[in-house]
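For reference, the structure is listed below as structure tokens.
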Amino acid sequence: MTLSSPLLPGGAVLLAAALTYLSGRLLAQKKWLADSPVARSSHQTPTPRTGGAAIMIGLSAGALLLAAGDPALLKFAALAFAAFGLGFADDVRPLPAFLKLIGQVAVAAAFVLLFGAVDSAPVPFLGDVALGPAAPVL
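One point on numbering: in my numbering, the residue at position 85 of the sequence shown is 663, and numbering is uninterrupted.
Below is the structure:
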């Protein structure tokens, strides 16, 4: 199987789905990292919060195989993992909003320093839309 095989993304999706299901079932039984319902919750019973971790693991496995030594893709993956790590840390032990903001701004600033500002964004049915002078801020 080559890296351009359609089996690779399919395998990553299946791995992510299986890990999401298993982590949800196991953690629901253990009550670890469960999101207890509060007044503004959309659920009535404690719900596991770690589905994102399983999805990140599955998609990262596929992405790292696709990156296969491409420095730009590896840098992008590192930034994505940093953003994920910040969110996971907040799930494990809630962080103050200001600290989360600082972390998110740091990841975004690192992205701009490594790749430059995003000049346009794809919008469904419209194609690429120029962001104009707001591009460096967005």
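Idealized CB from N, CA, C, for every residue including glycine.
Item                                                                                       : Value
Helix, strand or coil at Thr-623 according to DSSP, with G and I counted as helix          : coil
Candidates Val-707, His-621 and Gly-636, of which the one nearest Ala-699 by Cα            : Val-707
Rounded Cβ spacing between Thr-625 and Ala-612 (contact assumed at less than 8 Å)          : 6 Å
Leu-716 beta carbon less than 8 Å from that of Val-696                                     : yes
Whether Leu-657 touches Val-685 by CB criterion (8 Å)                                      : yes
Assigned secondary structure, Val-696 (DSSP; H/G/I helix, E/B strand, else coil)           : coil
Presumed contact (8 Å Cβ cut-off) between Ala-590 and Gly-640, rounded CB distance         : 3 Å
Residue burial classification, Gly-694 (beta-carbon count within 10 angstroms, cutoff 16)  : exposed
Alpha carbon of Leu-664 to alpha carbon of Ser-614, nearest angstrom                       : 21 Å
Residues sharing a beta bridge with Asp-706, DSSP                                          : Pro-700
Buried or exposed by the 16-neighbour rule on C-beta atoms within 10 Å, applied to Ala-632 : buried
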